[in-house]
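Right, one structure below, let's go through it.
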Amino acid sequence: MRRTLIEGLLSGPLTQAAPGADDPELAALAAEVERAAAASLGRSLSIRHVDAGSCNGCELEIHALGNAYYDLERFGLRFVASPRHADVLLVTGPVTLNMREALERTYAATPAPKWVIASGACAKDGGVFAGSYAIVGGVGDVVPVDLYVPGCPPRPATLLKALLALFKGRER
Amino acid sequence: MTTANPTQDQAWGEAWGEAALRLASGEARLVGLWADGAEARMALSTGRPELEFFHYVAVDGSFPSVGATHAPAIRLERAIADLSGLRARGAPDPRPWLDHGRWPLAHPLGDGAPAGGGEPERYAFLGAEGVGLHQIPVGPVHAGIIEPGHFRFHASGETIVRLEARLGYVHKGVERLMAGADVARGAELAGRVSGDSTIAYQIAFARAVEAASGIVAPPRAAWLRALMAEIERVANHLGDIGAICNDASFALMHAHTGALRELTLRAADIAFGHRLMMDRIAPGGVLVDLDRDRRAALRELTATIRDRFPRLVELYDNTASLQDRTVGTGRLDPELAQRFGCGGVIGRASGRDFDARRDHPYSPYGELRFETPVRREGDVNARVWVRIREVEESLRLIGQILDRLPVGPIRAKREPAARAGEGWALAEGFRGDVFVHVRLGDDGRIARCHLRDPSWFQWPLLEAAIEGNIVADFPLCNKSFNCSYSGHDL
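Here it is in structure tokens:
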């Protein structure tokens with residue numbers, strides 16, 4: 000273990016540079032955010048993830064945000080275990096009828112001010128599962144959504160920009 | 000394969016009963032149990048490459064329960080009752096499974112009649128009685144970044160007396176969406192049954208359709224499919240090895256395997272244009288080719304993992320505090336693994352020497368050299384070790400495929416014909432054997448497609464493996480199983 004630790008200390012970080020202020024994808028996402036989080040919360044957000052029916056592809060890429068390359072926590076962003084600790088709900092999947100109530104209750108348990116990010120093509124409008132008897136549709140059909148993140152699944156780099164966009168969005 | 004014709008003779012009824020007895024005696028293992036219209040269908044394996052198929056025409060809307068004598072069939076029969084409305088006569092558990100009473104219609108794969116409406120019924124969890132027992136309800140929304148499901152624990156102090164899972168929360172109605180779809184749309188859906196196994200599902204679906212329509216994917220396509228499958232296996236096993244250690248509070252391993260997993264996904268992105276390789280495979284072949292330059296990205300990846308992984312294995316092996324958590328924890332009895340036909344890492348860590356790549360061989364695995372690691376302890380530690388060995392084997396396979404990738408077309412000359420037919424396939428995903436059975440209509444569109452995730456025969460065993468463990472070790476055990484919620488709920 001000692002060797003692994005020492006090498007880890009001596010070799011440079013794997014972490015990628017943060018997206019710059021001029022990043023077009025970040026700017027586009029920020030433009031969609033109606034109310035920025037920075038004014039209310041400073042530069043730190045607690046995120047609660049809710050899988051409302053995804054195929055688990057989105058979860059894999061959300062997990063990747065925590066790896067050494069994206070290192071989400073350097074931005075003051077972290078995943079929390081309870082909606083009661085959260086500022087942001089990161090919701091994936093088409094909302095299934097069997098998960099609808101759980102999503103509603105999670106939203107209700109999140110203290111205001113709160114933001115909802117709907118992540119992935121399914122969360123937008125049901126994606127490939129649109130039209131099924133078993134799904135409601137998009138996340139926006141169940142709870143108010145502040146930002147949609149495109150992709151099937153969204154790449155971690157895109158997800159990261161979406162979370163940062165919450166800080167940079169337009170002020171009302 | 001037999002087809003249904005109730006007027007022909009009644010031999011199918013007897014054959015069904017005999018098949019159920021062979022399952023109960025352990026002579027055969029259950030591969031699939033589903034309904035197609037008014038017919039119950041069953042696929043069995045007896046160790047030969049071919050499967051045996053049985054059907055039962057449910058004249059009065061019911062068929063003799065297989066679950067009555069063979070427990071692995073119980074949840075499949077409950078799902079059939081929910082989705083198709085066919086009732087298993089004499090079934091030991093009449094409770095609904097996937098249907099939580101929230102859909103607008105009942106029996107979406109059957110008559111699809113409007114549902115009764117009203118408040119969903121309370122689910123009756125199995126009980127446990129004893130002095131000082133208490134219940135712990137967990138989910139469907141969990142504390143981590145994982146899929147939703149409900150776990151009901153009965154605990155005596157710290158010790159788990161009974162665990163019962165309630166699933167179905169992420170049921171998306173995939174099989175109904177499949178009905179009437181063309182095969183391209185079918186491939187898109189199959190690749191999203193369980194996102195972490197998208198390649199395994201794409202392969203199983205494509206091969207089932209190819210079998211049904213009598214086309215064969217060219218050799219290069221089969222080899223590229225296997226290449227993607229092994230990359231998927233490496234990526235998922237790396238993620239799981241780290242995540243299991245992380246659930247034992249050993250974050251160092253998680254950090255290192257997480258970095259290797261990221262490199263794997265990036266190499267997949269360079270090689271095939273998508274990090275998880277969704278929508279890369281279609282019936283008749285593959286949709287993307289691999290040129291020489293992009294092959295280099297994969298060679299670089301395998302070299303990097305070969306360089307760094309052994310030291311992580313050593314780290315796992317030499318960290319006593321970590322082994323203290325994994326050795327002896329969540330032990331799955333080999334006898335149970337065998338009876339349930341439990342596939343994948345979980346089965347192989349409990350002595351079940353089964354690998355669909357070898358036992359139901361499909362191209363190109365017959366031409367490749369690989370070992371199937373098996374251990375008998377059945378604990379969390381054994382499941383970690385099987386994953387470690389499988390990473391190494393998959394790296395070998397990737398190397399062989401890159402060296403010997405045949406030249407030629409990547410799509411079959413002709414498209415799947417517009418004709419009726421049936422076909423099946425088993426594909427070995429990182430989690431175990433994915434079974435797909437497809438029936439095409441006269442127009443060549445999908446009439447019925449059944450997709451059975453390996454998790455169906457693994458979720459029930461988690462409940463057995465956890466008994467007598469402490470509640471705090473549940474995340475560790477659950478992660479070492481890593482069953483799919485989406486693949487199971489469908």
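One line per chain: the protein sequences are E and A, in this order. By numbering that gives the first Met the number 0, the letter at position 92 of the first sequence is numbered 91, and the numbering carries on one by one without gaps. By numbering that gives the first Met the number 0, the letter at position 258 of the second sequence is numbered 257, and the numbering carries on one by one without gaps. All C-beta atoms, glycine included, are put in the ideal place defined by N, C-alpha and C.
>> Residues of the stretch 143-174 of chain A in Cβ contact with chain E at a cutoff of 9 angstroms, in chain order, please.
In response: Gly143, Ile144, Ile145, Glu146, Pro147, Gly167, Tyr168, Val169, His170, Lys171, Gly172 and Val173
> Do you know whose CA, among Pro149(E), Pro12(E) and Ala29(E), lies nearest Gly19(E)'s CA?
Replying inline: Ala29(E)
>> Suppose you measure from the CA of Phe74(E) to the CA of Leu163(E); what does that come to, to the nearest Å?
In response: 8 angstroms
>> Output needed in chain order: residues of the stretch 181-197 of chain A with a Cβ under 8 angstroms from some Cβ in chain B.
In response: Chain labels in this structure do not include chain B; the protein chains are E and A.
> Apart from the five residues just before and just after Ala211(A), which ones in its own chain have a Cβ nearer than 6 angstroms to its Cβ?
Replying inline: Gly420, Glu421, Gly422, Val437 and Leu439
>> Given the structure, does Arg40(A) come close to the ligand MN, in the sense that its CB is under 7 angstroms from one of the ligand's heavy atoms?
In response: Looking at this structure, you won't find the ligand MN or any other ligand, since it has none at all.
>> Determine, for Pro136(A), whether the minimum Cβ-Cβ distance to residues of chain E falls below 8 angstroms.
In response: no
>> Can you pull the chain E neighbours of Asn317(A), defined as C-beta to C-beta under 9 angstroms?
In response: Met0
> CA-CA distance, Ala270(A) and Leu289(A)?
Replying inline: 6 angstroms
> CB-CB under 7 angstroms to Leu262(A), same chain, minus the five flanking residues each way: which ones, in chain order?
Replying inline: Leu300 and Thr303
> So is Ala85(E) in contact with chain A if we call contact Cβ pairs under 8 angstroms?
Replying inline: no
> Where are the beta strand (DSSP E) runs, 3 residues long or more, that stay fully inside the stretch 30-117 of chain E, in chain order?
Replying inline: 44-50, 76-78 and 87-91
> Does any C-beta atom of chain A lie closer than 8 angstroms to the C-beta of Val90(E)?
Replying inline: no
> Pro155(E) to Ile61(E), Cα distance in whole Å?
Replying inline: 6 angstroms
> At a Cβ threshold of 8 angstroms, is Ile134(E) touching chain A?
Replying inline: yes
> What residues from the stretch 420-450 of chain A come within 7 angstroms of chain E, judged by C-beta to C-beta, listed N to C?
Replying inline: none
> When the Cα of Arg47(E) is compared with those of Thr91(E), Pro82(E) and Pro110(E), which residue comes out closest?
Replying inline: Pro82(E)
>> My output table needs one value for Trp96(A): the three-state DSSP class, helix, strand or coil.
In response: coil
> Which of the three DSSP states, helix, strand or coil, is assigned to Ala10(A)?
Replying inline: helix
>> Suppose you measure from the CA of Arg224(A) to the CA of Ala63(E); what does that come to, to the nearest Å?
In response: 24 angstroms
>> According to DSSP, is Val137(A) part of a helix, a strand, or is it coil?
In response: strand
>> Using C-beta distances below 7 angstroms, list every residue in its chain close to Thr2(A), excluding the 5 sequence neighbours before and after it, in chain order.
In response: Note that Thr2(A) scores a pLDDT of 48, beneath 50, so its modelled location is shaky and nothing firm can be said.
> Is it true that the stretch 400-409 of chain A meets the stretch 332-339 of chain A, where meeting means three or more beta-carbon pairs spaced less than 8 angstroms apart?
Replying inline: no
> Which residues in the same chain have their Cβ closer than 6 angstroms to the Cβ of Met214(E), if we skip the five residues on either side of it in sequence?
Replying inline: The shown model of chain E, from 0 to 171, leaves out residue 214(E), and the question about it has no answer.
>> Taking CB distances under 8 angstroms as the criterion, tell me whether Trp102(A) reaches chain E.
In response: yes
>> On a Cα-Cα basis, can you pick out the residue from Leu286(A), Arg260(A) and Ala281(A) that is closest to Met272(A)?
In response: Reading the sequence as shown, one finds Gly at residue 272(A) and not Met. If we check each option's Cα against that of Gly272(A), Leu286(A) comes out closest.
> Could one say the Cβ of His359(A) lies closer than 8 angstroms to chain E's Cβ atoms, at least one of them?
Replying inline: no
> What are the boundary residues of the alpha helix (DSSP H) that Asp488(A) is part of?
Replying inline: Tyr484 to Asp488
> Who are the near neighbours of Ala228(A) in its chain, counting only those whose CB is closer than 8 angstroms to its CB and skipping five residues on each side?
Replying inline: Ile198, Ala199, Ile202, Ala426, Glu427 and Gly428
>> Does any residue of chain E have a CB that is nearer than 8 angstroms to the CB of Met227(A)?
In response: no
> Where does the unbroken alpha helix (DSSP H) through Leu159(E) begin, and where does it stop?
Replying inline: Pro155 to Lys167
> To which residues does DSSP link Phe53(A) through a beta bridge?
Replying inline: Met41(A)
> Going by beta carbon distance, what residues of the same chain come within less than 6 angstroms of Ser362(A), once the five residues before and after it are set aside?
Replying inline: Ala221
> Considering only C-alpha positions, which residue in the set Leu367(A), Gln134(A), Phe62(A) and Pro71(A) is nearest to Ser83(A)?
Replying inline: Phe62(A)
> Ser131(E) and Cys57(E) look like a contact to me (Cβ under 8 angstroms); what is the Cβ gap, rounded to whole Å?
Replying inline: Their Cβ separation, rounded to whole angstroms, is 17 angstroms, which puts Ser131(E) and Cys57(E) out of contact at 8 angstroms.
> Can you name the residues that DSSP bridges to Ile409(A)?
Replying inline: In DSSP, Ile409(A) forms no bridge with anything.
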